[in-house]
Amino acid sequence: GAVVSQHPSRVICKSGTSVKIECRSLDFQATTMFWYRQFPKQSLMLMATSNEGSKATYEQGVEKDKFLINHASLTLSTLTVTSAHPEDSSFYICSALGSEQYFGPGTRLTVT
Amino acid sequence: AQSVTQPDIHITVSEGASLELRCNYSYGATPYLFWYVQSPGQGLQLLLKYFSGDTLVQGIKGFEAEFKRSQSSFNLRKPSVHWSDAAEYFCAVGNTGGFKTIFGAGTRLFVKA
Chain H
1 GAVVSQHPSR VICKSGTSVK IECRSLDFQA TTMFWYRQFP KQSLMLMATS NEGSKATYEQ
61 GVEKDKFLIN HASLTLSTLT VTSAHPEDSS FYICSALGSE QYFGPGTRLT VT
Chain A
113 AQSVTQPDIH ITVSEGASLE LRCNYSYGAT PYLFWYVQSP GQGLQLLLKY FSGDTLVQGI
173 KGFEAEFKRS QSSFNLRKPS VHWSDAAEYF CAVGNTGGFK TIFGAGTRLF VKA
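Residue numbers (the numbering used here), protein chains in the order written: chain H, 1 to 112; chain A, 113 to 225.
Following this line, the structure appears as structure tokens:
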């Protein structure tokens, strides 16, 4: 089946720094990708919808200047957490829309 | 408002026993319903989905789910659980093609020998 990868799988960064997470569709092209955030023992919350070649659409309450999304190609979307703070620590999951939504394995971000 | 409720945070069943995971939804129109499974360190895998037609849906790994409009439910079932089924299960509701998918809080399944 279709595969979506994320890199890195886990990252630790210091407060105030920025970190970039990549999401790639490995064997199909995805015009649309989604970014989710999952808190421990909680559900996935949609953060934004990323469309190739255009600006991302952010969900209410998600700071677009803090969570920068770039979807420059049909196989790659990136999420950059800018000026990270400990409360940004979470599990970030992307998905790519092919014949259905295919989810990446997630990235564990820890901000110290 | 659209929402998905999974009443059970965690469930423990014996290997070989039957399983039912509950899911209730609130949605303004005809829902598109999904069940996903998430194993530790892995992404979500689609088990099955319901868009229309037969209300009993067969999925992968021997799972099935039944859509009951009158009860706003979409419970997941498996007649005989295997140890490898231990994972987190998410019920979700969305619109066409899975856009704007809303997930339930998840149910953690433990399987005991």
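Glycine residues also receive a C-beta, built at the ideal position from the N, C-alpha and C atoms.
A Cβ of chain A is located within less than 7 Å of the beta carbon of G104 of chain H.
Judged by DSSP in its simplified three-state form, E87 of chain H adopts helix.
If you draw a straight line from the Cα of W147 of chain A to the Cα of P119 of chain A, it comes to about 15 Å. The beta carbon of L133 of chain A sits no closer than 7 Å to any beta carbon of chain H. In the structure shown, R181 of chain A falls within a helical segment according to DSSP collapsed to helix, strand and coil. CA-to-CA, the gap between F67 of chain H and A56 of chain H works out to about 10 Å. The C-beta of S43 of chain H comes closer than 7 Å to at least one C-beta of chain A. Residues of chain H with a Cβ closer than 7 Å to the Cβ of Q114 of chain A do not exist, since the nearest Cβ in that chain sits about 12 Å away.
In the displayed model, S164 of chain A falls within coil according to three-state DSSP, outside both helix and strand. Secondary structure note for H71 of chain H: its beta strand (DSSP E) is the uninterrupted segment F67 to S73. The C-beta distance from A84 of chain H to C23 of chain H rounds to 18 Å, too long to meet the 8 Å contact threshold.
Residues of the region 46–63 of chain H with a Cβ closer than 8 Å to any Cβ of chain A, in chain order: L46 and T49. Counting only residues of its own chain and dropping the five nearest sequence neighbours on each side, E52 of chain H has a CB closer than 6 Å to the CB of T31, H71 and L74. Nearest C-alpha to C94 of chain H among A:E127, A:L133 and A:G155: A:G155. Ranked by Cα distance from S15 of chain H, the first of H:A96, H:R108, H:G98 and H:S89 is H:S89. Contact annotation: in the region 192–203 of chain A, residues whose CB is within less than 8 Å of a CB in chain H are F202.
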